[in-house]
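See structure below.
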């Protein structure tokens, strides 16, 4: 079991740091299995910053962070779903516009079954022209 889940269970709190395209390699490195005594912030080259509502640090470089308290951990086969209550949001000023996060500027990265994908198009639903937004996925590593 990764240290992350152990720490969440022991502390009852955690921080979700949204990953933008500029942080993708660092994010992937945080998923590596390293010894518990290794400081993952140092290992990855990111900066810890104190949170306001929870005792665990957040990632300074992350454009959006959510401080959370643990609600429930649900086992799902060999994995777990962690559910938390968001206590505080931290959003870079340039991403916040009229009460919303500008997701185009954010340029988030998604993880899909062990691979990663940039969020490249945004749309609202329902949408009569949905087919114009959707296209078959391309695996850039296999082209």
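In the numbering used here, the protein residues as written are 310 to 452. The C-beta atom is built at its ideal place from N, Cα and C for all residues, glycine as well.
{"Asked": "Candidates 366, 323, 411, 376, of which the one nearest residue 348 by Cα", "Found": "366"}
{"Asked": "Beta-bridge pairing of residue 321 - partner residues as DSSP gives them", "Found": "DSSP output for residue 321 lists no bridge partner at all."}
{"Asked": "Close-in-space but distant-in-sequence residues of the same chain around residue 377 (CB under 8 Å, 5 per side omitted)", "Found": "322, 323, 324, 325, 363, 393, 394, 395, 396"}
{"Asked": "Residue from 438, 412, 406 with nearest C-alpha to residue 431", "Found": "412"}
{"Asked": "Endpoints, beta strand (DSSP E) assigned at residue 332", "Found": "First-last for residue 332: undefined, no H or E at that position."}
{"Asked": "Selected residue, minimal CA-CA separation from residue 373, among 327, 443, 436, 313", "Found": "327"}
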